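Student:
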Amino acid sequence: MVLLPRKRLESQQNPYLHFIIRHVRHRPVIFFGLPFISTLLVGSVMLSRLTQTRYDYQATRVQSLNHADKLKLDQDQANRKPFDLREEYFKLSQPEASQLVSQLQASTQETPSSTPHSKSKKIKNWQDWDGEQVRVQRPAGAPEWGGVDPRTQSPEIGTRLV
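Taken in order, the sequence shown gives residues 1 to 162; the numbers are from full-length UniProt numbering.
Printed below as a string of structure tokens:
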């Protein structure tokens with residue numbers, strides 16, 4: 001098998017190129033790291049200028065009011081009723097008239113025979129459910145408060161619930 005003849009690198013012919021290639025081989029940071037870091041720094045400076053331009057534009061857009069707009073704002077403030085926190089509280093705490101009417105109609109339609117756990121109140125469609133919690137009848141023999149009769153022993157031997 002014949003070996004191919006070696007060609008001289010162009011860098012060996014050019015002393016400046018040879019110097020650069022030799023240093024790049026010994027220190028790859030010069031060839032890869034410096035361009036990468038310089039790209040990041042230049043990009044950061046350019047993006048900060050672009051962002052500042054954006055915020056300056058938004059500030060001028062918000063601050064620019066015509067003379068007519070300023071007069072309109074002054075006129076609105078002169079005609080405005082003074083704000084009273086107690087009045088707003090009472091407005092929010094009282095139900096609206098539509099709610100009162102619907103509650104009144106619902107109370108007149110209920111009959112004494114219709115209890116919350118009757119079969120007529122059974123929900124057929126979840127979209128019709130108004131969110132009211134319905135209490136079911138207690139099973140026969142169950143105590144009124146809690147699941148275990150306090151006179152009996154608790155599941156843990158030797159302790160009482162009361």
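Each residue gets a CB set at the ideal place from its N, CA and C atoms; glycine is no exception. Just so you know, these numbers come straight off a predicted model, no measurement behind them.
1. Report yes if the C-beta distance between residue 42 and residue 31 is below 8 Å; otherwise report no.
2. When you compare only the Cα positions, how much space is there between residue 94 and residue 84?
3. Between the alpha carbons of residue 126 and residue 139, how many angstroms are there, rounded?
4. Which complete alpha helix (DSSP H) runs does the region 3 to 39 hold, if anything under 4 residues is left out?
5. Please list the terminal residues of the continuous alpha helix (DSSP H) segment that includes residue 79.
6. First and last residue of the alpha helix (DSSP H) that includes residue 86?
7. If you draw a straight line from the alpha carbon of residue 59 to that of residue 40, how long is it in whole angstroms?
8. Between the C-alpha atoms of residue 20 and residue 33, what's the straight-line distance to the nearest angstrom?
9. Return helix, strand or coil for residue 129, following the three-state DSSP convention.
Tutor: Concretely, from the data shown:
1. no
2. 16 Å
3. 26 Å
4. 10 to 13 and 15 to 26
5. 67 to 79
6. 85 to 93
7. 28 Å
8. 16 Å
9. coil
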